[in-house]
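Listed in order, the protein sequences are those of chains A and B. Under numbering that gives the first Met the number 0, the first sequence is numbered contiguously, ending at residue 161. Under numbering that gives the first Met the number 0, the second sequence is numbered contiguously, ending at residue 161. C-beta: ideal position from N, C-alpha, C; glycine also. This report refers to the structure that appears directly beneath it.
Protein chains: 2
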Amino acid sequence: MKTKSFSDMQCSIARTLDHVGSWWSLLIIRDAMMGARRFKHFQRNLGIAKNTLTSRLNDLVAGGILERVPAADGYAHEEYVLTERGRDLAPVIIALGQWGDKWVAHEKGPSTVVTVRESGEPLPRIWPRRADGELLALNEVGMRWANGAGPITETQEKEDPS
Amino acid sequence: MKTKSFSDMQCSIARTLDHVGSWWSLLIIRDAMMGARRFKHFQRNLGIAKNTLTSRLNDLVAGGILERVPAADGYAHEEYVLTERGRDLAPVIIALGQWGDKWVAHEKGPSTVVTVRESGEPLPRIWPRRADGELLALNEVGMRWANGAGPITETQEKEDPS
DNA sequence: AAAACTGGTTGCAATACGAAACCAAATAAG
DNA sequence: CTTATTTGGTTTCGTATTGCAACCAGTTTT
Numbered sequence: 000m001k002t003k004s005f006s007d008m009q010c011s012i013a014r015t016l017d018h019v020g021s022w023w024s025l026l027i028i029r030d031a032m033m034g035a036r037r038f039k040h041f042q043r044n045l046g047i048a049k050n051t052l053t054s055r056l057n058d059l060v061a062g063g064i065l066e067r068v069p070a071a072d073g074y075a076h077e078e079y080v081l082t083e084r085g086r087d088l089a090p091v092i093i094a095l096g097q098w099g100d101k102w103v104a105h106e107k108g109p110s111t112v113v114t115v116r117e118s119g120e121p122l123p124r125i126w127p128r129r130a131d132g133e134l135l136a137l138n139e140v141g142m143r144w145a146n147g148a149g150p151i152t153e154t155q156e157k158e159d160p161s
Numbered sequence: 000m001k002t003k004s005f006s007d008m009q010c011s012i013a014r015t016l017d018h019v020g021s022w023w024s025l026l027i028i029r030d031a032m033m034g035a036r037r038f039k040h041f042q043r044n045l046g047i048a049k050n051t052l053t054s055r056l057n058d059l060v061a062g063g064i065l066e067r068v069p070a071a072d073g074y075a076h077e078e079y080v081l082t083e084r085g086r087d088l089a090p091v092i093i094a095l096g097q098w099g100d101k102w103v104a105h106e107k108g109p110s111t112v113v114t115v116r117e118s119g120e121p122l123p124r125i126w127p128r129r130a131d132g133e134l135l136a137l138n139e140v141g142m143r144w145a146n147g148a149g150p151i152t153e154t155q156e157k158e159d160p161s
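Put into structure tokens, the structure is as follows:
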């Protein structure tokens, strides 16, 4: 993957992508969230080449997103389980899935279903909200560059006071 | 990017990554959300090679995430603006940024700040919630495979009735 | 004890990447 | 209004990453 490392960028998104920005990483994490634990699971579910899978798993372990643990059932192999860091990616995974369901759904419908366990209903769209849970429109969300870091756009070049 | 296309996979996440899974795509989209509109903005902000940027922008336009529009201020060039599809990726972008802020923050702090515009306070963590806005713990969120599609794990092989 | 499976590793070829050079058209400067 | 600079690319090239197939030791099943 690593043609150019994003790890020296200040941007949090870039730094995150440095961990999970690889083609397969997020799919591996999703499978882990769905219960995959063993090499063979990932390989069969994803149809990924074995050497690539080895490489991705090693990266994810090195990045603290997965960890290797002895097999729970006494077998000799090790298993891959999500760390807290890894589980904390759930919003990203779910948001990607929801976007896909909405905009690029497969004709046969989605392959995974995310629900509120209690009610069994589909999970509401993951979306910016106020602290009290109220949904926000995108224009109610402010995104700005912190001190100095940031882009040069005409508005900012001209110090446009919009 | 496209070594193996994910577009034939049923999984929504894979299909989404087929659009934005490339190294730079999400960073370009983030910059677009921050106000970048011109080729030079993206290039300078990201430090991306020009040929790669050309390629990514074309892909994003082809995927309906960006569109080319005449420059708003009468100049001859065209500008790249997010479509509704593109803006709808905001939760993904924000979730990635929040994860990065939490787990892999740069020593100098985040470069972008996302706020509730009204109050100016940091945007609460994007996270699964019930329809009424109540936060959910991860074990209150159900993720399952739809009919048949899905992985082979021991639990499912053995039809473990957990 | 033999056969099959698991979890890899090692080439190899194809593809995608970044860097640098180059270029026509559009802007800006003098 | 003539020249210099910027913009928005394209082309070429060398390197890095990927998928595929073959192979292999150790584990598990038959």
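What's the call for residue i, buried or exposed, on a 16-neighbour Cβ count within 10 Å?
i, result
"E133(B)", "exposed"
"T111(A)", "buried"
"S6(B)", "exposed"
"G73(A)", "exposed"
"D131(B)", "exposed"
Kindly indicate which residue of the options has the alpha-carbon position closest to the one of residue i.
i, options, result
"Y79(B)", "K101(B), T111(B), Q42(B) and E117(B)", "Q42(B)"
"R36(A)", "G99(A), P69(A) and R14(A)", "P69(A)"
"R84(B)", "A13(B), G20(B), I28(B) and W22(B)", "I28(B)"
"K101(B)", "E117(A), D87(A) and S24(A)", "D87(A)"
"P127(A)", "R129(B), V115(B) and Q9(B)", "V115(B)"
"M33(A)", "A89(A), E117(A) and I125(A)", "A89(A)"
"L25(B)", "Q97(B), R129(B) and R55(B)", "R55(B)"
"V140(B)", "T51(A), L135(A), V140(A) and I125(A)", "I125(A)"
"M142(A)", "L135(B), E117(B), A136(B) and M142(B)", "E117(B)"
What number of angstroms, rounded off, separates the C-alpha of residue i from the C-alpha of residue j?
i, j, result
"G119(B)", "N138(A)", "13 Å"
"W144(A)", "E106(B)", "16 Å"
"P123(A)", "A48(A)", "35 Å"
"K39(B)", "W22(B)", "19 Å"
"D159(B)", "R67(B)", "No answer about D159(B) holds up, because its pLDDT of 35 lies below 50 and its placement is not dependable."
"L45(A)", "I64(A)", "18 Å"
"I93(B)", "N57(A)", "27 Å"
"T82(B)", "G62(A)", "34 Å"
"A104(A)", "A13(B)", "10 Å"
"V60(B)", "V19(B)", "11 Å"
"H76(A)", "V91(A)", "30 Å"
"D30(A)", "V113(B)", "30 Å"
"G99(B)", "P121(B)", "15 Å"
"S11(B)", "A71(B)", "35 Å"
"P109(B)", "L16(A)", "15 Å"
"R129(A)", "G96(B)", "17 Å"
"L135(A)", "M8(B)", "32 Å"
"L52(A)", "N50(B)", "29 Å"
Looking at the structure shown, is residue i part of a helix, part of a strand, or coil, going by DSSP?
i, result
"L134(A)", "strand"
"R14(B)", "helix"
"V115(B)", "strand"
"R143(B)", "strand"
"K1(A)", "Caution applies to K1(A), whose pLDDT of 39 falls short of 50 and renders its modelled position unreliable; the value that the coordinates give is listed next. Residue state, collapsed to three classes: coil."
3 or more residues per run - each beta strand (DSSP E) lying fully within the stretch 84–113 of chain A: Qualifying beta strand (DSSP E) stretches: none in this window.
Uninterrupted beta strand (DSSP E) stretches inside the stretch 26–81 of chain A (no shorter than 3 residues): Counting whole runs of 3 or more residues, the stretch 26–81 of chain A contains the beta strand (DSSP E) stretches 65–69 and 77–81.
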